[in-house]
Amino acid sequence: LVGFRENGFVAGQAALKAESSKVAKQEKACLENQHVFIPFAFDTFGFLAPETEKFLNRVQRVVQSNCSTPKTQNFIFSRIGFAIQKGVAAQLVARLPAILL
Numbered sequence: 017l018v019g020f021r022e023n024g025f026v027a028g029q030a031a032l033k034a035e036s037s038k039v040a041k042q043e044k045a046c047l048e049n050q051h052v053f054i055p056f057a058f059d060t061f062g063f064l065a066p067e068t069e070k071f072l073n074r075v076q077r078v079v080q081s082n083c084s085t086p087k088t089q090n091f092i093f094s095r096i097g098f099a100i101q102k103g104v105a106a107q108l109v110a111r112l113p114a115i116l117l
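In my numbering, the protein residues as written are 17 to 117.
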C-alpha cells in the first residue's frame, strides 16, 4: 500500500463510503414505499460493511434453520460468494482504461 499515510488510510473506507451513499440514495424511496433498505457493500480486499455483515449473519441463521444438510448451506453461500466475486470483477473491468481491454 505504497503512498498511504499511516493516519490517512482506513481499512474498508471504500465499502463504508459506498454503504453511506447507497443509504442516502435509497432511504427516502424505501420509506415512502414502506420498505426496508439494507445496503450490501464490500471492497476488493474482502472488507464487509457492518450492515452487510449483519445481513449475511441473518441469512446464515435462516438458512441453517431451514436447510437440513450442510451441502445445501454451502451451496447457498458459495452462490453469494460467486455473485460478490462477479460484481467485483465487473467493477474492476469497468474502471480499466480501454487500451488495456
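Positions of the beta carbon are idealized from the N, C-alpha and C atoms, including for glycine.
Keep in mind that this is a model prediction, so the values were computed, not measured.
(message) Rounding to the nearest angstrom, what Cα-Cα distance links Q70 and I100 in this structure?
(response) Before going on, a small fix: residue 70 reads as Lys here, not Gln. Cα to Cα, the separation comes out at about 16 Å.
(message) Can you tell me which residues form a DSSP beta bridge with L64?
(response) Beta-bridge annotation (DSSP): L64 is paired with F58.
(request) Take every Cβ of the stretch 75 to 92, pair it with every Cβ of the stretch 46 to 66, and state whether three or more of those distances are shorter than 8 Å. (result) Result no; under three Cβ-Cβ pairs closer than 8 Å.
(request) May I have the straight-line CA-CA distance separating K33 from F61, to the nearest angstrom? (result) Going by the C-alpha atoms only, they are around 15 Å apart.
(message) So, under 8 Å CB-CB, Q42 and F53 are touching, yes? Tell me the CB distance rounded to an integer number of Å.
(response) Right, the Cβ-Cβ distance comes to about 5 Å (below 8 Å), so this counts as a contact.
(request) Starting from the Cα of A40, find the closest Cα among G97, S94, I96 and P55 and give me that residue. (result) From the listed residues G97, S94, I96 and P55, the smallest Cα separation to A40 is found for P55.
(request) Please list, in chain order, all residues of the same chain as E67 whose beta carbon is under 7 Å from its beta carbon, the five residues on each side excluded. (result) The beta carbon of E67 lies closer than 7 Å to those of E35, I54 and P55 in the same chain, with the five residues before and after it left out.
(request) Would you mind giving the Cβ-Cβ distance between L72 and A31, rounded to the nearest angstrom? I have them listed as a contact below 8 Å. (result) The C-beta distance from L72 to A31 rounds to 13 Å, too long to meet the 8 Å contact threshold.
(request) In angstroms with no decimal places, state the Cα-to-Cα distance between C83 and Q89. (result) Those two C-alpha atoms are separated by around 7 Å.
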